[in-house]
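Read top to bottom, the protein sequences are chains A and B.
Per this note's numbering, the very first residue in the first sequence carries number 1; after that it's consecutive.
Per this note's numbering, the very first residue in the second sequence carries number 1001; after that it's consecutive.
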Amino acid sequence: MDVLGPRYRDREESRFYQAGDLSPEQTWQALGDELARVLNDAQRAFWRAPLQMDPERVRWWHGAIFARHFPHDGGRLRRDRAFFGVMTPNGGMRQLEGAAPKAILGELQVVCSSFNRHADALGHPNTTGVLDRTRVVAALYAGILRVHPFVDGNHRVSFVALSAALWSFGLPNVDFEDDAETIPHDDALVPALESKDGSVEPFAQLLVDLIQQSIESQA
Amino acid sequence: MSYAEHMDGSFPKLDRAHTVRKGRLVETTPEVNREVAENAMLLSQGAHRAIEMKQEAQAASVVPGTASQAA
């Protein structure tokens, strides 16, 4: 999609760097098209409608984004240990490990069950505070990222979950585009990625701030 | 966009799916989702790497002759 402007490519070491006879740039664009299609489907299915999470849905979303161009990797849980780096707010780099391969399904189930339980307890969107809702969304998003169920593509599948959950709760999805949004995005996630008991509050509050600012700009 | 009623005293009830983009609330369309997907792809590289990628793309798109004419 040239209309989008610059042609990017994934990290060379990524499983999704280059598909078949596509160039790395064409692969990036093709996967962007697939991700957009999955977002469209999630919007249609979950806007102000109940979202019941389970590991199979996460796996299915990953397959929907990647399996067309990477049939051997799309939707396939990893079988090896996985490490991912996070930039701490003080500028340091910290290496974190995803769930042990044998624990992936179990830990993902805990994340999904927790989301379902808290979503049920929220009650009607019209009578529930925005922060109460974004806390539940943030826990789902950070939980999938922390478990890191796939070799690659964890952020993209987590972003679908984030979008579906926000829409399900009657909230707008949030696009992290500007540098002034992407750096706070990463910083706010660090506590929740460092441990199961890490706080989701910074990310939940960031979502509230971005949503509230957009409302105020309409006024 | 229409706001039927308010929640939380200040948050409007949206009657259709929306997305926060560039600090503004826009109705979510396939075109919006495509742009959001592009930014999610960039964000998946990590915020700092995403910024570098955008800067590199911007630098590559500057044609020297054009830049000097503009100056």
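Here a beta-carbon is modelled for each residue, glycine too, at the ideal position from N, C-alpha and C.
{"query": "Where the stretch 1033-1059 of chain B meets chain E: residues whose CB sits under 9 Å from a CB there", "result": "Checking the listed chains, one finds no chain E in this structure; the protein chains it contains are A and B."}
{"query": "Residue from 195(A), 169(A), 17(A) and 83(A) with nearest C-alpha to residue 52(A)", "result": "169(A)"}
{"query": "Reduced DSSP category for residue 185(A) - H, G, I as helix; E, B as strand; rest coil", "result": "helix"}
{"query": "Where residue 1022(B) falls: helix, strand or coil (DSSP)", "result": "coil"}
{"query": "For residue 94(A), the residue or residues it bridges with in DSSP", "result": "86(A)"}
{"query": "Distance between beta carbons of residue 65(A) and residue 156(A), contact taken as under 8 Å", "result": "6 Å"}
{"query": "Closest residue to residue 1024(B) among 131(A), 178(A) and 110(A) (Cα-Cα distance)", "result": "178(A)"}
{"query": "Sequence-distant residues of the same chain with beta carbon closer than 6 Å to residue 1039(B), five excluded per side", "result": "none"}
{"query": "Within chain B, the residues that residue 211(A) reaches when beta carbons sit closer than 7 Å", "result": "1020"}
{"query": "Beta carbon proximity, residue 150(A) to chain B, threshold 9 Å", "result": "no"}
{"query": "Contacts around residue 1017(B), its chain only, beta-carbon distance under 6 Å, and the 5 residues preceding and following it disregarded", "result": "1028"}
{"query": "Closer than 9 Å at the beta carbon, the chain B residues around residue 27(A)", "result": "Near residue 27(A) there are no residues of chain B at all, since even the closest Cβ is about 11 Å away, more than 9 Å."}
{"query": "Exposed unless 16 or more other CB atoms sit within 10 angstroms - verdict on residue 43(A)", "result": "buried"}
{"query": "Contacts of residue 186(A) in chain B (Cβ-Cβ under 7 Å)", "result": "1046 and 1047"}
{"query": "Which residues DSSP lists as bridging residue 1027(B), in chain order", "result": "1018(B)"}
{"query": "Residues in the stretch 13-41 of chain A having any Cβ partner in chain B nearer than 8 Å", "result": "28, 31, 32, 33, 35, 36, 39 and 40"}
{"query": "Per-residue contacts from residue 168(A) into chain B (C-beta, under 9 Å)", "result": "Neighbours of residue 168(A) on chain B: none; closest Cβ ~10 Å, over 9 Å."}
{"query": "Beta carbon of residue 122(A) nearer than 9 Å to that of residue 69(A)", "result": "no"}
{"query": "Classification of residue 196(A) by the beta-carbon crowding that lies within 10 angstroms, buried from 16 upward", "result": "exposed"}
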